[in-house]
Amino acid sequence: MTFKKNNKVTLIIVVSFIVLLIAFMIYELIARNTGMKSLMGNSITTSFYYCEDNSYTLSDNKCIKSETTTANILGDVNLDGVVDNNDLDLLNKYLAKTVDLSEIQLMAADVNSDGILSVGDAENIRLYVTGHNSGSEYLSKIGVSIVCPKEYTDKNNVCVKETVVDAKYANYKRGDINLDGVVNTTDLELLSKYLKKQASLNTVQINVADYNNNGIVDNNDLYELEEYLNSEIMKVNTLGDINNDNVIDVNDVILLKKYVANQIKLSKEQLKYSDMNEDGVVDLTDVDLLAKTISDYYQVGDVNLDGKINNDDITLLQNMFNGVTVANKVQLNLCDVNLDGVIDINDVAVLRNKVGSNTKYQKGDVNLDGKVTHEDVTIIENYILKKTELTIDQLNYADYNGDSVVDNKDANSLARAIASKYKKGDINMDGKVNMIDVNILSKYISRLIELDTTQKLLADINGDGKINASDLKK
71 MTFKKNNKVT LIIVVSFIVL LIAFMIYELI ARNTGMKSLM GNSITTSFYY CEDNSYTLSD
131 NKCIKSETTT ANILGDVNLD GVVDNNDLDL LNKYLAKTVD LSEIQLMAAD VNSDGILSVG
191 DAENIRLYVT GHNSGSEYLS KIGVSIVCPK EYTDKNNVCV KETVVDAKYA NYKRGDINLD
251 GVVNTTDLEL LSKYLKKQAS LNTVQINVAD YNNNGIVDNN DLYELEEYLN SEIMKVNTLG
311 DINNDNVIDV NDVILLKKYV ANQIKLSKEQ LKYSDMNEDG VVDLTDVDLL AKTISDYYQV
371 GDVNLDGKIN NDDITLLQNM FNGVTVANKV QLNLCDVNLD GVIDINDVAV LRNKVGSNTK
431 YQKGDVNLDG KVTHEDVTII ENYILKKTEL TIDQLNYADY NGDSVVDNKD ANSLARAIAS
491 KYKKGDINMD GKVNMIDVNI LSKYISRLIE LDTTQKLLAD INGDGKINAS DLKK
């Protein structure tokens with residue numbers, strides 16, 4: 071009887087375990103297929119504290135910077151690490167006003183810690199040197215106690231100065247890398263450039279760029295951010311995407327018009343996507359609404375999916391063609407501007423004409439963004455190095471010296487023209503020469519960062535053709 075009862079209990083436990091296991095597997099399957107991953111910790115929103123200066127370390131919402139300096143010994147007046155007759159002689163010369171001592175030497179010589187150097191300090195050092203290293207509290211400290219400069223404290227025989235400031239608080243959407251309040255393809259492009267070392271991010275942006283929140287910004291964050299953007303686009307495009315190609319465009323309008331004119335039939339699924347005003351009837355009102363949706367949303371050429379066709383789309387299409395930026399499935403449908411079935415440099419040219427053939431650009435405005443900047447110099451240099459291609463229009467604006475050849479002469483002439491608009495030393499070209507420029511120059515000299523051609527002209531402050539410590543002193 072007991073044996074049967076135990077078997078029954080065991081059976082209940084086994085069945086319960088199997089049920090729990092199946093429930094867990096079903097839950098995981100649902101989570102994977104319905105995007106519940108975001109509910110499991112990959113939240114799109116992040117709040118955090120951070121330190122503006124990378125030399126500080128974050129601890130308990132405080133930014134702490136520790137600086138250390140060499141610790142000196144009490145009585146070691148000449149700072150050679152030993153208390154001997156040389157220290158006594160130096161102190162006597164100071165008392166005789168024949169030599170000067172530095173601040174730390176004065177502190178090391180004040181062995182009785184009264185703040186005044188006198189013959190009493192010299193006598194204590196003499197007694198220590200002659201073997202009388204005990205007998206008073208002062209003698210017992212000579213050669214043993216640590217002396218630190220002002221603002222430094224002795225920590226395990228190391229002089230340490232700690233600077234503590236309040237940490238900054240950030241509250242951005244995870245993935246909003248350009249910090250404009252919206253997570254979109256612009257953020258995806260910026261993250262891609264950062265991973266290719268073509269762009270830099272500040273402390274806040276690096277935190278936000280860690281999309282999967284694992285403490286590392288890598289290609290996994292890029293892939294997950296792209297997946298998120300694709301899922302959001304799909305959500306937007308469901309209503310009106312009648313041909314189910316993930317794009318709401320003129321093809322969907324054509325289908326809807328033909329259906330309303332009784333020229334074709336649509337499936338139940340297509341009819342669901344056709345009912346734009348969701349009134350249960352598909353008619354001309356839905357055709358008008360769909361046409362408006364297309365004008366509000368995506369047209370061929372709206373590569374960045376912002377509802378507008380402008381210079382931003384031209385730049386993005388150029389970057390996609392050059393392999394700098396990866397296009398997602400939705401964007402690929404919008405890149406074939408001339409509708410020839412191929413995405414190439416001709417689409418860039420057609421899109422540029424579509425944006426506005428009447429737009430007048432200056433010589434040197436190679437990226438045709440309406441401004442002549444050091445970025446245009448970099449584009450010319452990349453063209454010369456065969457890292458990028460330029461359209462006929464761009465080549466015209468890149469030929470800065472007008473000799474019908476785009477070469478280093480154009481890049482150098484343009485760089486000098488741009489640099490002439492700024493003061494020497496204004497390396498970041500923000501109109502001011504300050505510590506930010508000093509830090510940039512210091513990092514370049516230390517080979518921590520690279521400067522472009524225009525920045526190098528501004529960094530050569532003394533005009534000797536070299537960028538070194540002499541420019542830093544200026």
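Numbered per my numbering, the sequence shown spans residues 71 to 544. Backbone N, C-alpha and C fix where the C-beta goes; we use that ideal spot for every residue, glycine too.
Chain-order list of residues whose beta-carbon lies under 7 Å from that of residue i (same chain, five-residue window excluded)
i      : result
Phe118 : Ala240 and Asn277
Val152 : Asp146
Asn290 : Asn282
Thr524 : His444, Val447, Ala485, Ile488 and Ala489
Asp191 : Leu161, Ala179, Asp180, Val181 and Asn182
Nearest to residue i (by Cα), restricted to the options the options
i      : options                           : result
Asn420 : Ile384, Leu465 and Gln432         : The sequence as given places Val at residue 420; Asn does not occur at that position. Nearest option by C-alpha distance: Ile384.
Ala193 : Val228, Gln175, Asp157 and Ile324 : It should be noted that the sequence gives Glu, not Ala, for residue 193. Considering only alpha carbons, the answer is Asp157.
Lys479 : Gln175, Val447 and Glu207         : Val447
Leu386 : Ala179, Glu259, Arg196 and Val217 : Glu259
Asn248 : Thr273, Val235, Ser125 and Gln175 : Thr273
Ser483 : Gly472, Tyr492 and Lys493         : Gly472
Gly213 : Lys263, Val199 and Thr168         : Val199
Met346 : Leu325, Leu309, Asn332 and Ala269 : Leu309
Leu518 : Val189, Lys267 and Lys238         : Lys267
Proximal residues to residue i (C-beta, below 6 Å), its chain only, five neighbours per side dropped
i      : result
Ile88  : none
Ile334 : Lys328
Ile413 : Cys405 and Asp406
Gln432 : Val442
Reduced DSSP category for residue i - H, G, I as helix; E, B as strand; rest coil
i      : result
Leu299 : helix
Tyr119 : strand
Asn416 : helix
Ala331 : coil
Asp236 : strand
Gln525 : helix
Cys218 : coil
Leu249 : coil
Asn482 : helix
Leu128 : strand
Ile276 : helix
Ser210 : helix
Lys424 : helix
Tyr492 : coil
Glu459 : coil
Val199 : helix
Ser540 : helix
Supposed contact pair residue j and residue i - C-beta distance, whole angstroms, cut 8 Å
i      : j      : result
Val357 : Val330 : 6 Å
Leu528 : Tyr470 : That belief does not hold up - the Cβ atoms of Leu528 and Tyr470 are roughly 18 Å apart, past 8 Å.
Ala279 : Tyr264 : 7 Å
Thr139 : Pro219 : 6 Å
Lys132 : Asp236 : 7 Å
Alpha carbon of residue i to alpha carbon of residue j, nearest angstrom
i      : j      : result
Val230 : Thr127 : 15 Å
Glu207 : Ile186 : 17 Å
Asn381 : Gly251 : 22 Å
Asp463 : Val370 : 21 Å
Asn314 : Val373 : 19 Å
Glu339 : Glu294 : 29 Å
Any non-hydrogen atom of the ligand ZN within 7 Å of residue i CB
i      : result
Val357 : The ligand ZN is not part of the structure shown, which contains no ligands of any sort.
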